[in-house]
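Chains as they are written, first to last, in my numbering: chain A, 1 to 448; chain B, 449 to 896. Even glycine gets a Cβ: it sits at the ideal position worked out from N, Cα and C. The model shown is predicted, which means the values in this text are computed figures rather than measured ones. Here the structure is laid out as structure tokens; the discussion comes afterwards.
Here it is in structure tokens:
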């Protein structure tokens, strides 16, 4: 089967003038192999030829959601670090827990998270974690799209860094091109300047980008300024990180002067915004509006499922929009089209893929989800796009297409055995929840 | 059928010492007629006798959710007032739209909202709207529980006020006791002091409480102080409102001095907190922690579906908890048990029903929901209560019991014809979305 037709849907399409997402009704979407080839009115007299037709009446088609920053396999530790400060979250919970981690855990954890994400309409994830060959195997199997980076701390040394570069070589372009790979140093507070420079050199050599946490909180920014007279963003600029495409995770501590610097970066830079984590850990919020004003792309993210605690981009979208209104005490801020633009083209730009995904247009990759708008919580459907932002639950996603292939149909996962995945993760719960406080993978001390 | 057994569930039960909700596993819940009669270990040697047994393995039983402030039938206008200031929301959208409202609209709108709420685990709603006989009919049919008040503006005069009192007389205790009725003056900025005093007199006569909007924003509070030297809460105290049980909706503009006054009220007073509306309209937030410290109950609410835009109390719960952490920039604030306490016993107390609902204990009314925790977004289930607050979607609710009767089973509504309700609401969309700006039910001008 190569030609697929989505028949008679509503769809989220870029407006011809403003380019912001807008609604089209009675639309047919034609897919040939991995790409969208045409959008046509459903009323066309000559119905398009296709090998498979999906009747999408009452459904809204939109670009598959993109999760621009996650640690998906952390789902195996879900719920184990609640109601604690960020210091305790890292030092007493997360990093001791991760000393339990095995390759097998990452494999099953990644499958679990992919199952959750596909069920919630996420077709692409930028994942930043350990034992990433296993994540690559899981993504290959699930049929999803991913930008994978093997996380590394500076104190692991250059051999470890080289190993993460070898991962890039092994996985770049794999899984019919669905997998891209990046370098993934943890953060400026866990990687010194030389280590960051060495990372940039390897990224340039490999022709890939960098995915890194930076300026996660204002506290981190202030501590960095006090300790060395530079903000974390200034450190990234100084060490050459901004000379390669970069995904900056979080950035709640990004200052106005940082934004000026980011604007001058010689390579594309974007910021991954994961609001649920920020609320739960009291981290503040990414300065989205100033970043956008400076032309720096912002995308949506979940972060890992121990802070979030889910992998739900519809929830991130809704929180992002509402919090911008709340912080500004102005409901006219972050309108529905603007929010949907961040969720689609913004997130694609953060991953450096703005010409490939995040938009339903001919020539784009066929990563498409169908959202069922017929539920009592959507009806009557006066304004489908308002409903998409403020009423849609992950469970409304009916059908998921990646690279032109249907991987979820009528909420049934076609590539993954969910029951088996849940069983395999569940059997290790006792071992996974064991904490030996001194046995941790790293120490969080950005303030020292 | 009178004896019902929920077999082998996890359950949210008040801790014997702290009284905060805690988790019990392997539990049987026995129900006789409309009440919970016993909680027992599922391993008991003599299995309890029952006419109907619900196998609840993998499910978490909790008290049915309570929506302490809604305008449920407004769902018929859903999505029609987005990204606008609160002034425009009222004067250009909501109040002109409501001039289209008919009795029939309220009936079908109430049924629509009840369908959505039951599907999302809400068993009780305090509803504040117009044509409330129709709301009463809908609640009777749905099998839900409700505290209904017929909203009235002061400029409608005392005849209108008397009509709302007559509504109380007609409906108090109806539907096997599932319906209670209250007086529902709109707000201090739309009802003058004499009108509020007259409302209190009628409430006392009838032996019922009052449900009113007050101090919705800090702007309203400041305008009231400037205009007449009193905060909206001081107006309620002065006019005797606090001499009868009162539900205050919103209270984002409640000041420290107001809380001192509320603490001295001679009747029980509670505050309904609807965070999604506050974010979307940039209203600020209810001062939950100071209210709790003063012993004033706080409960969860959705407000109407034009500001919210749904009727999802799980979403309100999650937003409430996360926003308290965010505002305090402290993740230790509003722990999971504290948040669940607000969602259960807190909301019951706001409705003056703390001895009847909001708790799974013998003698309490059998309003119980079963939440399916088996989904990929909950697994592995290390901490069921964390998952209840941070991972649960309205769509995870499987079974809903009100007054000892199953009204939703395996997500199938047993009392309502959802398809017919959606069809009936849908056929009036064109008329419902018509706005004649000068033809409005009221003018929002608290600042004049």
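Only those residues of the stretch 778–793 of chain B whose C-beta falls short of 7 angstroms from the nearest C-beta of chain A are listed: 778, 779, 780, 783, 784. The three-state secondary structure of residue 398 of chain A, taken from DSSP, is strand.
Considering only beta carbons, the part of the stretch 375–386 of chain A lying closer than 9 angstroms to chain B consists of 375, 376, 377, 378, 379, 380, 381, 382, 383, 384, 385, 386, in chain order.
Taking 7 angstroms as the Cβ-Cβ cut-off, the stretch 111–124 of chain A approaches chain B at 112, 115, 116, 119, given in chain order. If you ignore the 5 residues before and after residue 752 of chain B, its C-beta comes within less than 7 angstroms of the C-beta of 518, 519, 522, all in its own chain and listed in chain order. In the displayed model, residue 890 of chain B falls within coil according to three-state DSSP, outside both helix and strand. Taking the Cα positions, residue 814 of chain B is about 14 angstroms away from residue 459 of chain B. With a cutoff of 8 angstroms on beta-carbon distance, residue 773 of chain B and residue 744 of chain B are scored as not near each other. If you draw a 10 Å sphere on the C-beta of residue 862 of chain B, you find fewer than 16 other C-beta atoms in it, and that means exposed. Counting the other Cβ atoms within 10 Å of the Cβ of residue 859 of chain B gives fewer than 16, which makes it exposed. Look at residue 774 of chain B: its C-beta is under 8 angstroms from a C-beta on chain A. Taking a C-beta cut-off of 7 angstroms against chain B, the contacting residues of the stretch 424–435 of chain A are 425, 426, 429, 433, listed in chain order.
Residues are counted here when their Cβ sits less than 7 angstroms from a Cβ of chain A; for the stretch 836–849 of chain B these are 838, 839, 841, 842, 843, given in chain order. Assigned with DSSP and collapsed to three states, residue 347 of chain A falls in helix. For a Cβ distance threshold of 9 angstroms, residue set 330, 331, 332 of chain A lies close to residue 533 of chain B, ordered along the chain. For residue 563 of chain B, the closest alpha carbon among the candidates B:775, B:870, B:890, B:885 is that of B:870. Just so you know, the alpha carbons of residue 577 of chain B and residue 716 of chain B end up roughly 22 angstroms apart. With the rule of 3 Cβ pairs closer than 8 angstroms, the stretch 454–474 of chain B counts as touching the stretch 498–509 of chain B. With respect to residue 757 of chain B, residue 391 of chain A sits close: the two C-beta atoms are nearer than 8 angstroms. Using a Cβ-Cβ cut-off of 8 angstroms, residue 870 of chain B counts as an interface residue toward chain A, since at least one Cβ of chain A sits closer than that to its own.
Collapsing the DSSP output to three states places residue 422 of chain A in a helix. Within the stretch 639–670 of chain B, contact with chain A at the beta-carbon level (separation under 7 angstroms) is assigned to no residue. Here residue 890 of chain B has 543, 601, 638 as same chain residues with Cβ atoms under 7 angstroms from its own Cβ, once five neighbours each way along the sequence are excluded.
Judged by beta-carbon spacing, residue 816 of chain B lies within the 8 angstroms limit of residue 808 of chain B, meaning their Cβ atoms are closer than that value. For residue 562 of chain B, the enclosing alpha helix (DSSP H) has its first and last residue at 551–567. If you draw a straight line from the Cα of residue 451 of chain B to the Cα of residue 713 of chain B, it is about 41 angstroms long. Per DSSP, residue 339 of chain A is one residue of the alpha helix (DSSP H) stretching across 336–341. Judged by DSSP secondary structure, residue 214 of chain A falls within the beta strand (DSSP E) whose first and last residues are 210–214. DSSP places residue 587 of chain B within a helical segment (H, G or I) once states are collapsed to three. In the three-state reduction of the DSSP assignment, residue 390 of chain A falls in the helix class.
Identification of residues in the stretch 524–550 of chain B having a C-beta nearer than 8 angstroms to some C-beta of chain A yields 524, 525, 526, 527, 528, 530, 531, 532, 533, 534, 537, given in sequence order. Within its own chain, the residues whose Cβ lies closer than 7 angstroms to the Cβ of residue 203 of chain A, once the five positions on either side in sequence are excluded, are 183, 209, 210, 244, listed in chain order. Residues of the same chain with a CB within less than 6 angstroms of the CB of residue 133 of chain A, apart from the 5 flanking positions on each side, do not exist. No Cβ of chain A is located within less than 8 angstroms of the beta carbon of residue 818 of chain B.
By the neighbour-count definition (other C-beta atoms within 10 Å, threshold 16), residue 316 of chain A is a buried residue. Against chain B, the beta carbon of residue 310 of chain A has neighbours under 8 angstroms at 825, 838, 839, listed in chain order.
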